[in-house]
Structures are given as structure tokens and as C-alpha cells.
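Structure record follows, encoded as C-alpha cells.
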Amino acid sequence: MRYLITGGGGFLGVRLAERLIAAGEEVVVLDRFFAPTVRARLGDRVAYQEVDLTDQERFWAVLTAVQPEVVVHLAALLSEEAEIEPVRAFLVNVVGTFLALEGSRRVGVRRFVFTSSAAVYDAVEPVPPLTEDVPLQPYSAYGMQKATGEAWCLYYHRRYGLDARIARPAAVLGPGRTWGAAGGFAAQMVEAAARGEPYVCPLLPEDASPIIYHRDIVEGLWRLARAEAVPARIYNFGAGQVTAGELARLIRERIPSARITFEPRETVRQVVRRWRYVVQDCRRAERDLGWRVEYPLPRMIDAFLAELELAAGDR
Ligand SMILES: NC(=O)c1ccc[n+]([C@@H]2O[C@H](COP(=O)([O-])OP(=O)(O)OC[C@H]3O[C@@H](n4cnc5c(N)ncnc54)[C@H](O)[C@@H]3O)[C@@H](O)[C@H]2O)c1
């Protein structure tokens, strides 16, 4: 099966490409820029398309030339970037998603997978775990853009029968996933501690985020993209909640010398402050896709530290 991954040069794109290659799939990665490290990592196991997907003509020319059977649409500006660059974020996250859907319909794509986010949820007080069906009240620019993308996916499914599937991942934890996303504080904290450097967390200790280890979300995206048919349109993927203070405690248990302090910064809190009570109910992905959280807390911290150690050993 031929897969086209938009944002294929990004954190999740590269990892999903590797997962698909390992399963014997043909993969084309599309991004507006491929870092040399990405080209070195994926090598000639994938085809590369360097294009900005807000350039409709060039983007659709690629779709026409590639004729993908499955499009996995990951290209986006992340939550912190969306607060800092609202115009570009709207163009990529809303217009770009629309162009991806309309272009996919025109070339007869069989399946379309959209990565939304747990940022579409909002909760101001403790609530039961949130299912995919609760009404959305996105609070941040990014959350609104993702909720809009979801609505367009559902429209294309209703109107044209496009098999559009929506993943709602929690904030992703993993090596290098440190910038751009408001949830990046978690990876920054772990990496600084592992390097023996002090870390100033841009949140209050009681601020919290839904979280998922990168391996679990890549597995979820892979399962969602490869399933022949799915009974629902929207799937939550998360491994629970963590406060910044709890994360610091888990890190100090493992690295007692870790120096972590808290100095809240508005661009980050603007997004994260409303995640405190967001806990996702992921039973639908378990039931329909056979997906399980393999890296709950604190196991994901141990896995992360082990990955960092391995990478340091390789240098
Ligand atoms: N990382 C997280 O915590 C997280 C959580 C929930 C959802 N998501 C979603 O998952 C997807 C992938 O996230 P990621 O962590 O890999 O982010 P990332 O920033 O590493 O990757 C996004 C990629 O999109 C590309 N891109 C941006 N604008 C583009 C454009 N105009 N044309 C072509 N490519 C463009 C970027 O160059 C980048 O490589 C995104 O849609 C993101 O919103 C991420």
C-alpha cells in the first residue's frame, strides 16, 4: 500500500515512516523542509517531496503524481507555535488541512488520517475521563484549529464518503520533542536532568498535561492508518495525566541531582492551564484497534532515560 505522510519530516512523521517501512509499506514523506538528520535516518527507504502544502498547485500536483492510497496528515504548527504565529498556524492547520482533504478526495485516496489533539478538549473542573463524543470547547488557537480540521474531516466523510479518520493524541513525550508544543516542557525537563543541567519549567507545579510516550502514539497512528475499516471516526490516544510537579518528582527519584525550578511563562500557560482536568478515555482505541498503552507513567520516564543513554552512548 502506498502511504503519503504530510509533515513526514517531523517528529512523529519520521517515526511513523519507519513503522510503515518495517511493515513493508511504500512511503512517501512530504514536508516543506527535510533536515539532513531526517534524510540520513530514512535514507532511500522513502521517497521525498519537499513542498509547502499551503501552495495548493504544487501540493495537489504531488498528490496527483504520487497517487497515494492512504494519506496521513501530520503537517501542522504545534500548540506553542500557534500562539506565537497565529496567521501561519491558521493557514497550515486549517487551510492546509482543508487542501489535504479536498486534494485527497480528488485523487481518490482510500483512507485519510488526521492528527488532531487532546487540545480540542477543555475542562475547568474535575470531570470523568473524556470520551470522543463529548461536545468540544477548544480554548487555545491550536485547539480551535484542530477542532476545525476535525469538522472538515467529518464533512468529507458525510458529503463524499471519504474514509477520514481522526486521532486525538495527548502531548507527546520523546527525545527531541522539546520545542513548538506547549507539552514540550515534559521532554525539556527530562532531557535537562539527564544532561545534568538546571531546568526552569515555564509552568506552575500544579499545571498538568495529558501525556503519551512517542512509541504508543506511533503504534496508535499505525493501527488507525492500516485498519481496513473502523467503526468510528475519532480515536483518543493518551496515557493519562501528569502535573509538572509530579513529573519533577518522578525525575528526581531517578536523578536525585536534578535541578528543576518553576517560572511560569504566559505563551505556554495560555495553552496548558486548561489541560489540568483533561483526561482522555481511550477505550475506543483499545476495543476497535487493539491498541494498548505500553508506556504508562512512570515507565515512560524510564524508557525515555534509557533512550537518551543509548543515544549518548552512540555519540
Ligand atoms: N507532538 C505532540 O505533542 C502532538 C500532540 C498531539 C497532536 N500532535 C499532532 O501530530 C502531528 C505531528 O506532530 P509532530 O510532533 O511530529 O510535530 P512536528 O513539528 O515535529 O512535525 C510537523 C511537521 O509539519 C511540517 N510542516 C509545517 N508546516 C508545513 C507546510 N506548510 N507544508 C508542509 N509541511 C509543513 C513541519 O516542517 C514539521 O516537519 C501534528 O499534526 C501535531 O499537531 C502532536
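Under our numbering, think of the first position of the sequence shown as 24, with each following residue one higher.
Cβ atoms here follow ideal geometry from the backbone N, Cα and C, with glycine treated the same way.
- When rounded, the separation of the alpha-carbon atoms in Q79 and V89 is 15 Å.
- With 16 or more other CB atoms across the displayed protein chains lying within 10 angstroms of its CB, V301 is buried.
- Not one heavy atom of ligand 1 is found less than 8 Å from the C-beta of Y258.
- Just measuring C-alpha positions, the residue of L273, P161, K169 and R282 sitting nearest R218 is R282.
- Closest in alpha carbon position to V136, among R246, R296, E309 and R292, is R246.
- Here P158 is exposed: its Cβ has fewer than 16 other Cβ atoms, across all protein chains shown, within 10 Å.
- For G172, the number of other beta carbons within 10 angstroms of its own is at least 16, and it is reported as buried.
- Ligand 1 has no heavy atom closer than 8 Å to the beta-carbon of D239.
- Between A271 and R191, the beta carbon gap of about 27 Å keeps them out of contact (Cβ cut-off 8 Å).
- In the structure shown, D186 falls within a strand segment according to DSSP collapsed to helix, strand and coil.
- Fully contained in the stretch 89-171 are the following alpha helix (DSSP H) runs of length 4 or more, in chain order: 102-107, 109-113 and 119-130.
- R129 and F327 have their alpha carbons spaced roughly 41 Å apart.
- Within the DSSP bridge table, the entry for E73 names D54 as partners.
- P287 is bridged by DSSP to nothing; it lacks a bridge partner.
- Only residues of its own chain outside the window of five on either side were considered, and among them V223 have a CB closer than 6 Å to the CB of T284, listed in chain order.
- Counting C-beta pairs with one atom in each stretch, the stretch 226-244 and the stretch 312-330 have three or more that are closer than 8 Å, which means they touch.
- Annotation: A194 to A146 spans about 16 Å, alpha carbon to alpha carbon.
- F56 counts as exposed, since fewer than 16 other C-beta atoms from the protein chains shown sit within 10 angstroms of its C-beta.
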